[in-house]
Amino acid sequence: MGYEEDRVVYSLVDDQPDKVYFLVDKTSGSRADEYLKAVISRLTKEKLKPMIITKEIRIFDYYGLMNVLNSIIREEQKENNIISINVASGSSISAIAGYQIACMNKGVKSYYVKASTYTTSEKDGKKKRKKKSLRPSTVGVDETYEVPKYPMQPPLLDHIKLLGMLLKIKKTAYDIGLRQTEVIKMLAEANLLGKDTIWAKKPDKRRGTKGTLDPNVRRTFKDNFLDEMVERGYLYADKRNKEVFVFLTKYGEKTFQMFEPRTLGG
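Written out as structure tokens, the structure reads:
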């Protein structure tokens, strides 16, 4: 929700939704709350009374927006609801996030509302709307159209769960790295490898032997986790002698923030 009225109200009047989520910008100095009140007032005059839910966001925080949008999508998909995202009423960052979420999810569409007039200054906005305080970025609506979507693959839930585990030991995962064996143990304890045991030969503490990983388990980890997560930039792998060390990346951390397990249905 940016500094818009017409591009929000007209599309809602056309669609007649049962429920509306307003993502309200809480960036310091934002006046989004005032615009939200104006929009709700106009919806009431149009005799449109959907369930209204507001979520606080920062309109230029891409990762935060992705997290909130993912959470909303998951909740509404549980009810098999039809979901539409207005990508014209916020910032360019929120438009990108909304469009990407639509591309990642079946049954979710994004739509763009083309304004009649784009105001170029506060004076222009005031003149067009004849209001003393609120000066929307646009006035009037020419057309509304659905944005064509192209499939995008969100992260796998098991990959997100591993990122969450690594974030619990963030300093080690970032600075020192974890031996591949340690990461495999973490996955096995979380039942994410589909194996009853990870050992070809179990470690023996009394004799001081480390044990030997089952080669099939090592291969499963490489094929199902390590290779793709490194390729996507979530992890970095460094081979030292015969041991592989796994590091968490900044992008991996940001990805977890966008797609934490509850937003992927986990």
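All the letters of the sequence shown, read from the start, carry residue numbers 1030 to 1295 under the working numbering.
Yeah, the Cβ is synthetic: ideal placement off N, Cα and C, and Gly gets one too.
Model, not experiment: these values are computed from the prediction.
C-alpha distance - residue i paired with residue j, whole-angstrom precision
i: Ser1150; j: Ala1219; result: With a pLDDT of only 47 at Ser1150, under 50, the local geometry of the prediction cannot be trusted, and the value read off the model is given with reservation. Roughly 56 Å separates the two Cα atoms.
i: Ser1123; j: Tyr1091; result: 7 Å
i: Asp1062; j: Tyr1141; result: 22 Å
i: Glu1033; j: Asp1047; result: 21 Å
i: Met1181; j: Met1133; result: 5 Å
i: Pro1079; j: Gln1045; result: 8 Å
i: Asn1166; j: Glu1108; result: Here residue 1166 turns out to be Ser, not Asn, going by the sequence shown. In a straight line, the C-alpha of Ser1166 is about 35 Å away from that of Glu1108.
i: Thr1169; j: Tyr1050; result: The question names Thr, yet the displayed sequence has Gly at residue 1169. About 22 Å.
i: Lys1271; j: Glu1085; result: 49 Å
i: Lys1155; j: His1188; result: Reliability fails at Lys1155, whose pLDDT of 48 lies under 50, so the model's placement of it is uncertain and no value is given.
i: Lys1135; j: Pro1183; result: 12 Å
i: Val1273; j: Asp1267; result: 6 Å
i: Phe1288; j: Asn1096; result: 6 Å
i: Phe1250; j: Ile1213; result: 7 Å
i: Gly1058; j: Lys1283; result: 26 Å
i: Gly1127; j: Asp1243; result: 44 Å
i: Ser1162; j: Lys1076; result: 25 Å
i: Leu1186; j: Tyr1064; result: 37 Å
i: Gly1105; j: Leu1052; result: The displayed chain sequence assigns Glu, not Gly, to residue 1105. Looking at the two C-alpha atoms, the distance is approximately 15 Å.
Coil, strand or helix - residue i by DSSP
i: Phe1274; result: strand
i: Arg1380; result: Absent from the structure is residue 1380, since the part of the chain shown begins at 1030 and ends at 1295.
i: Glu1282; result: helix
i: Lys1197; result: helix
i: Ala1202; result: helix
i: Val1259; result: helix
i: Phe1288; result: coil
i: Ile1227; result: coil
Contact belief for residue i with residue j at Cβ below 8 Å, rounded distance in angstroms
i: Glu1175; j: Lys1143; result: That belief does not hold up - the Cβ atoms of Glu1175 and Lys1143 are roughly 12 Å apart, past 8 Å.
i: Leu1277; j: Ala1202; result: 4 Å
i: Ala1302; j: Arg1036; result: The structure shown does not extend to residue 1302, since the chain spans only 1030 to 1295, so no value can be given for it.
i: Gly1206; j: Val1275; result: 6 Å
i: Ile1102; j: Val1068; result: The Cβ separation is near 22 Å, so there is no contact.
Buried versus exposed call for residue i [16 or more other C-beta atoms within 10 Å across all chains shown]
i: Tyr1179; result: exposed
i: Ile1111; result: exposed
i: Asp1043; result: exposed
i: Ser1139; result: buried
i: Lys1200; result: exposed
i: Arg1269; result: exposed
i: Tyr1263; result: buried
i: Asp1256; result: exposed
i: Ser1040; result: buried
i: Gly1223; result: exposed
i: Ile1088; result: buried
i: Asn1099; result: buried
i: Lys1066; result: exposed
Residues that residue i bridges to, as DSSP identifies them
i: Asp1267; result: Phe1274
i: Tyr1141; result: Tyr1174
Short CB-CB distance (under 8 Å) between residue i and chain D
i: Arg1103; result: In summary, chain D is missing from the structure at hand, where a single protein chain is found.
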